[in-house]
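**Student:** Residue 0 is where the sequence shown starts when you use numbering that gives the first Met the number 0, and the numbers rise one by one after that.
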Amino acid sequence: MSVTELDAALLAKHPLPAVGQGDKDQHGAILIIAGSRDVAGAALLTAMGAMRAGAGRLQIATVRSAASGLAFTMPEAMVVGFEEDADGGFVGSANDRLARLAGKADAVVAGPGLQQTDACAALAAALLKNGNRLALDAALLHALPARTADAKAAEIPPILLPHAGEMASLLECETAEVEADPLGAGLRCAKRYDAVTLVKGVQSHVVTPDGRAFRYRGGGPGLGVSGSGDMLAGIVGGLLARGAAPLTALLWGVWCHGEAGRQLGERIGTLGYLARELADEVPALLFPVQAPA
(Lines of atoms letter the chains of each structure in order from A and count residues from 1; the text may use other names and numbers.)
(Lines give C-alpha, C1' and ligand atoms only; values in the text may rest on other atoms or scores of the structure.)
Protein backbone atom coordinates (compact mmCIF):
# COMPACT_ATOMS: atom_id res chain seq x y z
CA MET A 1 0.00 0.00 0.00
CA SER A 2 1.03 3.63 -0.44
CA VAL A 3 2.30 5.45 2.65
CA THR A 4 2.69 9.25 2.62
CA GLU A 5 5.61 10.85 4.44
CA LEU A 6 4.60 13.07 7.36
CA ASP A 7 6.74 16.16 6.81
CA ALA A 8 6.42 19.92 6.36
CA ALA A 9 5.11 19.51 2.82
CA LEU A 10 2.25 17.30 4.02
CA LEU A 11 1.42 19.61 6.92
CA ALA A 12 1.08 22.52 4.50
CA LYS A 13 -1.85 20.60 2.99
CA HIS A 14 -3.44 20.23 6.45
CA PRO A 15 -3.21 23.76 7.92
CA LEU A 16 -4.10 24.44 11.53
CA PRO A 17 -6.79 26.98 12.40
CA ALA A 18 -5.52 30.56 12.26
CA VAL A 19 -4.27 31.91 15.57
CA GLY A 20 -6.35 35.08 15.57
CA GLN A 21 -6.46 37.82 18.19
CA GLY A 22 -9.33 36.54 20.31
CA ASP A 23 -9.59 35.85 24.02
CA LYS A 24 -9.12 32.49 25.71
CA ASP A 25 -12.59 31.29 24.71
CA GLN A 26 -11.74 31.73 21.03
CA HIS A 27 -8.62 29.61 21.51
CA GLY A 28 -10.74 26.70 22.69
CA ALA A 29 -11.56 24.91 25.94
CA ILE A 30 -10.08 21.52 26.79
CA LEU A 31 -10.97 19.03 29.50
CA ILE A 32 -8.30 16.53 30.51
CA ILE A 33 -9.55 13.46 32.36
CA ALA A 34 -6.38 11.95 33.71
CA GLY A 35 -4.32 10.81 36.64
CA SER A 36 -4.72 8.55 39.63
CA ARG A 37 -3.30 8.52 43.14
CA ASP A 38 -0.06 6.87 41.99
CA VAL A 39 0.24 8.55 38.56
CA ALA A 40 -0.92 12.12 39.14
CA GLY A 41 1.89 13.44 36.95
CA ALA A 42 0.22 12.09 33.81
CA ALA A 43 -2.46 14.76 34.14
CA LEU A 44 0.17 17.47 34.58
CA LEU A 45 2.16 16.45 31.50
CA THR A 46 -0.97 16.20 29.38
CA ALA A 47 -2.07 19.64 30.55
CA MET A 48 1.32 21.17 29.78
CA GLY A 49 1.21 19.78 26.26
CA ALA A 50 -2.29 21.13 25.67
CA MET A 51 -1.47 24.65 26.80
CA ARG A 52 1.80 24.77 24.86
CA ALA A 53 -0.18 23.75 21.74
CA GLY A 54 -2.35 26.83 22.18
CA ALA A 55 -5.51 25.79 24.04
CA GLY A 56 -7.20 28.77 25.68
CA ARG A 57 -9.00 27.33 28.71
CA LEU A 58 -7.93 24.28 30.66
CA GLN A 59 -9.84 22.08 33.06
CA ILE A 60 -8.45 18.93 34.66
CA ALA A 61 -10.65 16.21 36.13
CA THR A 62 -8.68 13.90 38.38
CA VAL A 63 -8.99 11.93 41.61
CA ARG A 64 -9.37 13.87 44.83
CA SER A 65 -6.00 12.88 46.29
CA ALA A 66 -4.21 14.39 43.26
CA ALA A 67 -6.33 17.50 42.81
CA SER A 68 -4.73 19.94 45.24
CA GLY A 69 -1.20 19.15 44.09
CA LEU A 70 -2.19 19.62 40.45
CA ALA A 71 -3.90 22.92 41.23
CA PHE A 72 -0.65 24.28 42.64
CA THR A 73 1.67 22.90 39.97
CA MET A 74 -0.64 23.87 37.07
CA PRO A 75 -2.15 27.20 38.19
CA GLU A 76 -3.49 27.81 34.68
CA ALA A 77 -6.04 25.03 35.19
CA MET A 78 -9.34 24.68 36.97
CA VAL A 79 -8.90 21.34 38.74
CA VAL A 80 -11.88 19.24 39.80
CA GLY A 81 -11.29 16.35 42.20
CA PHE A 82 -13.48 13.24 42.17
CA GLU A 83 -14.07 10.49 44.68
CA GLU A 84 -11.67 7.59 44.26
CA ASP A 85 -11.71 3.90 44.99
CA ALA A 86 -9.34 1.93 47.19
CA ASP A 87 -6.78 1.67 44.37
CA GLY A 88 -6.73 5.42 43.76
CA GLY A 89 -8.80 5.51 40.56
CA PHE A 90 -12.15 7.06 39.66
CA VAL A 91 -15.26 5.41 41.08
CA GLY A 92 -17.97 4.47 38.60
CA SER A 93 -20.41 7.01 40.04
CA ALA A 94 -18.17 9.81 38.72
CA ASN A 95 -18.95 8.99 35.09
CA ASP A 96 -22.12 11.07 34.73
CA ARG A 97 -20.46 14.16 36.13
CA LEU A 98 -17.36 13.62 34.01
CA ALA A 99 -19.54 13.36 30.90
CA ARG A 100 -21.32 16.61 31.79
CA LEU A 101 -17.99 18.41 32.20
CA ALA A 102 -16.83 16.99 28.89
CA GLY A 103 -19.97 18.24 27.16
CA LYS A 104 -18.98 21.83 27.98
CA ALA A 105 -15.50 21.55 26.42
CA ASP A 106 -14.45 21.94 22.80
CA ALA A 107 -12.09 18.99 23.13
CA VAL A 108 -11.41 16.20 25.59
CA VAL A 109 -8.35 14.07 26.27
CA ALA A 110 -9.19 11.10 28.46
CA GLY A 111 -7.12 8.23 29.79
CA PRO A 112 -3.54 9.24 30.66
CA GLY A 113 -2.62 7.83 34.05
CA LEU A 114 -6.11 6.46 34.78
CA GLN A 115 -6.55 3.25 36.71
CA GLN A 116 -7.98 0.51 34.52
CA THR A 117 -11.31 -0.36 36.16
CA ASP A 118 -14.70 -1.77 35.18
CA ALA A 119 -15.99 1.83 35.01
CA CYS A 120 -13.72 2.75 32.09
CA ALA A 121 -15.94 1.22 29.40
CA ALA A 122 -18.97 3.20 30.56
CA LEU A 123 -16.89 6.39 30.71
CA ALA A 124 -15.61 5.85 27.17
CA ALA A 125 -19.17 5.31 25.93
CA ALA A 126 -20.41 8.49 27.62
CA LEU A 127 -17.58 10.59 26.16
CA LEU A 128 -18.10 9.20 22.66
CA LYS A 129 -21.74 10.31 22.75
CA ASN A 130 -20.95 13.95 23.56
CA GLY A 131 -20.27 15.06 20.00
CA ASN A 132 -17.05 16.97 20.68
CA ARG A 133 -13.47 16.33 19.61
CA LEU A 134 -12.02 13.46 21.62
CA ALA A 135 -8.65 11.75 22.06
CA LEU A 136 -8.51 8.49 24.04
CA ASP A 137 -5.41 7.00 25.61
CA ALA A 138 -4.21 4.34 28.05
CA ALA A 139 -6.90 2.79 30.27
CA LEU A 140 -9.78 3.92 28.06
CA LEU A 141 -8.24 2.13 25.09
CA HIS A 142 -8.28 -1.18 26.96
CA ALA A 143 -11.98 -0.57 27.65
CA LEU A 144 -12.96 0.25 24.07
CA PRO A 145 -13.57 -3.25 22.62
CA ALA A 146 -16.74 -3.39 24.71
CA ARG A 147 -17.84 -0.08 23.14
CA THR A 148 -17.00 -0.55 19.47
CA ALA A 149 -20.48 0.49 18.36
CA ASP A 150 -20.26 3.72 20.38
CA ALA A 151 -16.95 4.59 18.73
CA LYS A 152 -18.33 3.98 15.24
CA ALA A 153 -21.42 6.08 16.04
CA ALA A 154 -19.46 9.09 17.31
CA GLU A 155 -20.40 12.35 15.59
CA ILE A 156 -16.70 13.26 15.18
CA PRO A 157 -14.24 10.38 14.71
CA PRO A 158 -12.21 9.90 17.90
CA ILE A 159 -8.43 9.83 18.00
CA LEU A 160 -6.83 6.70 19.46
CA LEU A 161 -3.27 6.84 20.82
CA PRO A 162 -2.21 3.23 21.57
CA HIS A 163 1.19 1.68 22.14
CA ALA A 164 1.62 -1.94 21.03
CA GLY A 165 0.05 -3.46 24.15
CA GLU A 166 -2.96 -1.15 23.97
CA MET A 167 -3.31 -1.84 20.26
CA ALA A 168 -3.41 -5.56 21.06
CA SER A 169 -6.25 -4.88 23.50
CA LEU A 170 -8.12 -2.83 20.90
CA LEU A 171 -7.81 -5.66 18.37
CA GLU A 172 -8.20 -8.44 20.94
CA CYS A 173 -5.03 -10.12 19.76
CA GLU A 174 -1.52 -10.81 21.05
CA THR A 175 1.04 -8.00 21.34
CA ALA A 176 3.44 -10.06 19.19
CA GLU A 177 0.93 -9.91 16.33
CA VAL A 178 0.87 -6.11 16.53
CA GLU A 179 4.66 -5.92 16.69
CA ALA A 180 4.97 -8.18 13.62
CA ASP A 181 2.85 -5.83 11.49
CA PRO A 182 2.24 -2.51 13.30
CA LEU A 183 0.92 -0.66 10.26
CA GLY A 184 -1.47 -3.47 9.40
CA ALA A 185 -2.69 -3.51 13.01
CA GLY A 186 -3.24 0.23 12.90
CA LEU A 187 -5.27 0.00 9.71
CA ARG A 188 -7.46 -2.72 11.20
CA CYS A 189 -7.93 -0.67 14.36
CA ALA A 190 -8.86 2.52 12.50
CA LYS A 191 -11.45 0.66 10.46
CA ARG A 192 -12.85 -1.30 13.41
CA TYR A 193 -13.49 1.83 15.51
CA ASP A 194 -13.92 4.37 12.70
CA ALA A 195 -11.16 6.31 14.42
CA VAL A 196 -8.03 8.24 13.42
CA THR A 197 -5.34 6.07 14.95
CA LEU A 198 -1.69 6.49 15.87
CA VAL A 199 0.65 3.53 15.54
CA LYS A 200 3.58 4.30 17.86
CA GLY A 201 7.06 3.02 17.15
CA VAL A 202 10.53 3.91 15.92
CA GLN A 203 8.63 5.04 12.84
CA SER A 204 5.18 6.30 13.81
CA HIS A 205 2.17 5.98 11.53
CA VAL A 206 -1.09 7.89 11.46
CA VAL A 207 -3.88 5.89 9.84
CA THR A 208 -7.47 6.71 8.95
CA PRO A 209 -10.64 4.61 8.70
CA ASP A 210 -10.61 4.95 4.90
CA GLY A 211 -7.15 3.35 4.68
CA ARG A 212 -4.82 6.33 4.31
CA ALA A 213 -1.48 6.03 6.09
CA PHE A 214 1.16 8.62 6.96
CA ARG A 215 4.67 7.86 8.24
CA TYR A 216 6.82 10.01 10.54
CA ARG A 217 10.46 8.93 10.61
CA GLY A 218 11.93 11.44 13.06
CA GLY A 219 12.00 12.02 16.78
CA GLY A 220 14.80 9.83 18.08
CA PRO A 221 15.25 7.36 20.95
CA GLY A 222 14.97 10.05 23.63
CA LEU A 223 11.19 10.07 23.15
CA GLY A 224 11.06 6.57 24.63
CA VAL A 225 10.76 7.87 28.18
CA SER A 226 8.08 7.95 30.89
CA GLY A 227 5.51 10.65 30.25
CA SER A 228 6.30 11.15 26.56
CA GLY A 229 2.95 9.69 25.49
CA ASP A 230 1.09 11.91 27.95
CA MET A 231 2.80 14.96 26.45
CA LEU A 232 1.79 13.83 22.96
CA ALA A 233 -1.81 13.35 24.05
CA GLY A 234 -1.85 16.87 25.44
CA ILE A 235 -0.41 18.43 22.28
CA VAL A 236 -3.02 16.66 20.17
CA GLY A 237 -5.75 17.74 22.57
CA GLY A 238 -4.63 21.35 22.49
CA LEU A 239 -4.82 21.36 18.70
CA LEU A 240 -8.29 19.80 18.84
CA ALA A 241 -9.38 22.52 21.27
CA ARG A 242 -8.22 25.17 18.81
CA GLY A 243 -10.57 23.67 16.24
CA ALA A 244 -8.35 21.32 14.23
CA ALA A 245 -10.02 18.31 12.65
CA PRO A 246 -8.95 14.95 14.14
CA LEU A 247 -6.60 13.99 11.28
CA THR A 248 -5.02 17.44 11.19
CA ALA A 249 -4.55 17.48 14.96
CA LEU A 250 -2.90 14.07 15.01
CA LEU A 251 -0.59 14.76 12.06
CA TRP A 252 0.60 18.02 13.59
CA GLY A 253 0.78 16.52 17.07
CA VAL A 254 2.97 13.62 16.00
CA TRP A 255 5.26 15.89 13.97
CA CYS A 256 5.53 18.52 16.72
CA HIS A 257 6.19 15.92 19.44
CA GLY A 258 8.83 14.25 17.30
CA GLU A 259 10.53 17.49 16.26
CA ALA A 260 10.61 18.61 19.89
CA GLY A 261 12.43 15.39 20.71
CA ARG A 262 14.82 15.89 17.82
CA GLN A 263 15.68 19.41 18.95
CA LEU A 264 16.26 18.33 22.54
CA GLY A 265 18.38 15.43 21.30
CA GLU A 266 20.60 17.83 19.39
CA ARG A 267 20.90 20.30 22.26
CA ILE A 268 20.98 18.05 25.35
CA GLY A 269 21.84 14.57 24.13
CA THR A 270 20.28 11.56 22.45
CA LEU A 271 19.01 10.27 25.80
CA GLY A 272 18.41 11.87 29.16
CA TYR A 273 15.97 14.71 28.57
CA LEU A 274 12.64 14.65 30.39
CA ALA A 275 9.17 14.42 28.92
CA ARG A 276 8.25 17.72 30.58
CA GLU A 277 11.02 19.44 28.63
CA LEU A 278 9.26 18.68 25.36
CA ALA A 279 6.58 21.24 26.20
CA ASP A 280 8.89 24.24 25.94
CA GLU A 281 9.82 23.32 22.38
CA VAL A 282 6.25 23.26 21.12
CA PRO A 283 5.27 26.93 20.61
CA ALA A 284 8.26 27.78 18.44
CA LEU A 285 7.54 24.71 16.29
CA LEU A 286 3.86 25.49 15.81
CA PHE A 287 3.27 29.17 15.68
CA PRO A 288 5.87 30.56 13.24
CA VAL A 289 4.15 28.40 10.64
CA GLN A 290 0.80 30.08 11.32
CA ALA A 291 0.79 33.84 10.76
CA PRO A 292 -1.72 35.75 12.94
CA ALA A 293 -5.02 36.38 11.18
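The beta carbon of each residue, even a glycine, is placed where N, CA and C say it ideally should be.
So is Ser227 buried or exposed if we call it buried at 16+ other beta carbons inside 10 Å?
**Tutor:** Per the 10 Å Cβ criterion, buried.
**Student:** Checking 8 Å against the spacing of the C-beta atoms, do Glu165 and Gly130 come in under that value?
**Tutor:** no
**Student:** With a cut-off of 8 Å on the beta carbons, I'd call Leu100 and Leu122 a contact; round off their distance for me.
**Tutor:** Not really, about 12 Å apart at Cβ, beyond 8 Å.
**Student:** What first and last residue would you give for the alpha helix (DSSP H) that runs through His141?
**Tutor:** 138-142
**Student:** Using beta-carbon positions only, say whether Pro111 and Ala60 come within less than 8 Å of one another.
**Tutor:** no
**Student:** Quick check on DSSP: helix, strand or coil for Gly80?
**Tutor:** strand
**Student:** Could you name the residues of the same chain whose beta carbon sits closer than 7 Å to that of Thr147, not counting the 5 residues immediately before and after it, in chain order?
**Tutor:** Arg191, Tyr192
**Student:** Note down the Cα distance separating Asp6 from Lys199, rounded to an integer number of angstroms.
**Tutor:** 17 Å
**Student:** Here's the rule: buried if 16 or more other CB atoms are within 10 angstroms of the residue's CB, otherwise exposed. What is Leu214?
**Tutor:** Rather than Leu, the amino acid found at residue 214 in this sequence is Arg. Arg214 should be labelled buried.
**Student:** Kindly indicate which three-state DSSP category Thr45 falls into: helix, strand or coil?
**Tutor:** helix
**Student:** So, for Arg216: in the same chain, excluding its five sequence neighbours on each side, which residues have a beta-carbon less than 7 Å away from its beta-carbon?
**Tutor:** Gln202
**Student:** State the beta-bridge partners of Val195 as determined by DSSP.
**Tutor:** Ile158
**Student:** Going by the CB atoms, is the gap between Leu57 and Ile29 shorter than 8 Å?
**Tutor:** yes
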